[in-house]
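Engineer: With our numbering applied, the sequence shown covers 1214 to 1325. C-beta atoms are modelled at their ideal positions from N, C-alpha and C, and glycine is treated no differently. The structure displayed is predicted, hence computed values, not measured ones.
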Amino acid sequence: MGLANALAAIEAGVDRFDSSLGGLGGCPYAPGASGNVCTEDLLHMLQLMGFNTGVDLDRVLAVAAQLPGLVGHDIPSQILKAGKRLDLHPIPAHVASLEKQVPSARTPELHP
């Protein structure tokens, strides 16, 4: 749900977000609190949308992959479970060349 909320916020003009590696966090006083949006999942979504986040996703993933061993339980990161989309399913050539086909297409950027 957090990624969907972030997407809605982007569409509303928000350009800064809070997240945590592996989604760690939450409220210790609220049983079942799910924590935060996983930084690695948010970065992956933003990069697939064409945003230049200025963050090296591969380095973030390398650190996030160590978290389960450090905290002693699984983390909710979807990208760690499923892998990066572009590694699994490359963008078709006709979609990759969209920027050339549509002169008004541009790459949006978030503030680092």
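Given a threshold of 16 other Cβ atoms within 10 Å of its Cβ, counted over all protein chains shown, does Cys1251 qualify as buried or as exposed?
Structural biologist: Counting Cβ neighbours within 10 Å, Cys1251 comes out buried, since at least 16 surround it.
Engineer: Taking C-alpha atoms, which residue in Met1262, Lys1297, Val1284 and Phe1264 lies nearest to Val1273?
Structural biologist: Ranking Met1262, Lys1297, Val1284 and Phe1264 by Cα distance to Val1273 puts Lys1297 first.
Engineer: Can we say the segment 1230-1250 touches the segment 1287-1297, given the rule of at least three CB pairs closer than 8 Å?
Structural biologist: Yes, the segment 1230-1250 touches the segment 1287-1297.
Engineer: Relative to the C-alpha of Gln1279, which residue among Ala1225, Leu1220 and Leu1293 is closest?
Structural biologist: Considering only alpha carbons, the answer is Leu1293.
Engineer: Specify the secondary structure class of Asn1218 as computed by DSSP and reduced to three states.
Structural biologist: Helix, per DSSP.
Engineer: At what residues does the alpha helix (DSSP H) containing Asp1271 begin and finish?
Structural biologist: Note, Asp1271: alpha helix (DSSP H), Leu1270 to Ala1277.
Engineer: Using only alpha-carbon positions, find the residue among Gly1282, Asp1254, Leu1270 and Tyr1242 that is nearest to Leu1220.
Structural biologist: Nearest of Gly1282, Asp1254, Leu1270 and Tyr1242 to Leu1220, Cα basis: Asp1254.
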